[in-house]
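See structure below.
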Amino acid sequence: DAMVIQNPRYQVTQFGKPVTLSCSQTLNHNVMYWYQQKSSQAPKLLFHYYDKDFNNEADTPDNFQSRRPNTSFCFLDIRSPGLGDAAMYLCATARLAGEEQYFGPGTRLTVT
Amino acid sequence: SQQGEEDPQALSIQEGENATMNCSYKTSINNLQWYRQNSGRGLVHLILIRSNEREKHSGRLRVTLDTSKKSSSLLITASRAADTASYFCATERDFGNEKLTFGTGTRLTIIP
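Chains as they are written, first to last, in the numbering used here: chain A, 12 to 123; chain B, -17 to 94.
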């Protein structure tokens, strides 16, 4: 089945140690999104790609970077994780702007 | 800034009853979407309603949109234990905006 896959599902990293979360999709969608969701809160958009065009949200910390090497894959890099970066990270895709988004299961990041 | 707010924040009802959740937003929109999130999982798209539509149905779901009041409601009829989840509304502000802004969510608990 076509889907959005996130690996790993659970990630533990140490304070200040770089970590990379990955997302892949078999939907061939143009748009890919990364969200951060903390407990009992709404998903917060970090950035998104429309094809290769990168769009950063104004309040996304510089500590967060992203790469989209091809249509199928997108990565979230956290250069120096702090305790406040512990959260669920959700990847989503959409065929076109404004259409329904398809979410992966998320990666829960713990920072020790 | 957060676009949507949902009401109530939490709702508990008996299985078989109807559940109604409301969403208010601040600026004009192109479409409004509702998503469900089971605990610790990704979001699942439920229904999309465009700004020129007033009501939409999908199975046991009924969504209304009142653009003059900048509000939407999600009705789940004949609730089931499996409907227990958090429900989020999300708005696309402008056509082709590429991104959604999520509301604060309603935590729905169905009591068997």
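Note that beta-carbon positions come from the ideal geometry of N, C-alpha and C, so glycine has one too. Just so it is clear, the structure is predicted and the values come from calculations on it, not from any experiment.
Could one say the Cβ of Y21(A) lies closer than 7 Å to chain B's Cβ atoms, at least one of them? Taking the first sequence and counting its residues from 1, the one referred to as residue 21(A) is at position 10. So, not an interface residue.
Decide yes or no for the touch test of the segment 101 to 113 of chain A against the segment 19 to 36 of chain B: beta carbon pairs closer than 8 Å, at least 3 of them. Cβ pair count under 8 Å is three or more, so yes.
Would Y100(A) count as contacting chain B if we go by Cβ distances under 7 Å? Start at 1 with the first residue of the first sequence, and residue 100(A) comes out as number 89. No, because no Cβ of chain B sits closer than 7 Å to the Cβ of Y100(A).
Work out the CA separation of L94(A) and F75(A) for me, nearest whole Å. If you number the first sequence from 1, residue 75(A) lands on position 64. If you number the first sequence from 1, residue 94(A) lands on position 83. Per the coordinates, the alpha-carbon of F75(A) lies some 14 Å from the alpha-carbon of L94(A).
Give the range of the beta strand (DSSP E) segment to which T46(B) is assigned. In the second sequence, residue 46(B) corresponds to position 64, counting from 1. It spans L43 to D48 - the beta strand (DSSP E) in which T46(B) sits, taken as one unbroken run.
Taking H27(B) as the query, report the chain A residues whose CB atoms sit under 9 Å from its CB, ordered along the chain. Reading the second sequence from its first residue, position 45 is the one you call residue 27(B). Scanning chain A for C-beta atoms nearer than 9 Å to the C-beta of H27(B) yields E111, Q112, Y113 and F114, reported in chain order.
C-alpha gap between L38(A) and L56(A), whole angstroms: Your numbering for residue 38(A) matches position 27 in the first sequence. Your numbering for residue 56(A) matches position 45 in the first sequence. Straight-line Cα distance between these residues: approximately 21 Å.
Contact check, G85(B) vs E(-3)(B), beta carbons under 7 Å: Sequence index remark: in the second sequence, residue 85(B) carries index 103 (1-based). Sequence index remark: in the second sequence, residue -3(B) carries index 15 (1-based). Cβ distance not < 7 Å, so G85(B) and E(-3)(B) don't count as in contact.
Suppose the cutoff is 7 Å on Cβ atoms and the five residues either side in sequence are ignored; what does the same chain contact list for Q25(A) look like? On the first sequence, position 14 is the one that residue 25(A) refers to. The answer, listed in chain order, is T123.
What does N105(B) touch in chain A if you count any residue whose Cβ is under 7 Å from its own? Missing from the structure shown is residue 105(B); chain B here goes from -17 to 94 and no further.
Kindly list, in the order they appear in chain B, the residues whose Cβ is closer than 9 Å to that of H40(A). The sequence position of residue 40(A) within the first sequence is 29, counting from 1. By Cβ distance, chain B contributes nothing, its closest Cβ being about 12 Å from H40(A), past 9 Å.
Where does A64(B) sit, in a helix, a strand or coil, going by DSSP? For the purposes of this step, residue 64(B) is taken as residue 82 along the second sequence, with counting starting at 1. In the displayed model, A64(B) falls within a helix according to three-state DSSP.
For T95(B), tell me which candidate among Y44(A), N81(A) and R90(A) has the shortest Cα-Cα distance. Any answer about residue 95(B) is impossible in this case: the structure gives chain B only from -17 up to 94.
Neighbouring residues, chain A, relative to Q15(B) (Cβ below 7 Å): In the second sequence, the residue the question calls residue 15(B) occupies position 33. Chain A residues near Q15(B): E111.
My output table needs one value for G27(A): the three-state DSSP class, helix, strand or coil. One-based indexing of the first sequence puts residue 27(A) at position 16. Judged by DSSP in its simplified three-state form, G27(A) adopts coil rather than helix or strand.
Can you check which of these residues, D64(A), P72(A), D62(A) and P29(A), is closest to Y46(A) by C-alpha distance? Here residue 46(A) is taken as the residue at index 35 of the first sequence, counted from 1. The candidate whose alpha carbon is nearest that of Y46(A) is P72(A).
Taking the straight line between their C-alpha atoms, what separation do you get for N13(B) and E74(B)? As a working mapping, residue 13(B) is identified with position 31 in the second sequence. As a working mapping, residue 74(B) is identified with position 92 in the second sequence. For N13(B) and E74(B), the gap between their C-alpha atoms comes out near 5 Å.
Using a Cβ-Cβ cut-off of 6 Å (strictly less than) and excluding sequence neighbours within five positions of N4(B), which residues of its own chain qualify? Counted from its first residue, the second sequence places residue 4(B) at position 22. D(-11) and S55.
For a quick check, are the C-beta atoms of Y7(B) and G(-14)(B) less than 7 Å apart? Position 25 of the second sequence, counted from the start, is the residue given in the question as residue 7(B). Position 4 of the second sequence, counted from the start, is the residue given in the question as residue -14(B). Yes.
Please give the ranges of any beta strand (DSSP E) in the segment 57 to 114 of chain A, keeping only runs that are unbroken, at least 3 residues long and fully inside the region. Within the segment 57 to 114 of chain A, the complete beta strand (DSSP E) runs of at least 3 residues are 64 to 67, 75 to 78, 84 to 89 and 98 to 105.
Nearest chain B C-beta to G117(A) closer than 7 Å, yes or no? Translated into the one-based positions of the first sequence, residue 117(A) becomes position 106. It does: the Cβ of G117(A) has a partner Cβ on chain B nearer than 7 Å.
Under 8 Å Cβ to Cβ from Q19(B), same chain only, skipping five residues before and after it: list those, please. The residue given as residue 19(B) occupies position 37 in the second sequence. Scanning its chain for C-beta atoms nearer than 8 Å, with the 5 sequence neighbours on each side dropped, one finds around Q19(B) the residues L25, V26, A67, S68, Y69, F70 and G87, in chain order.
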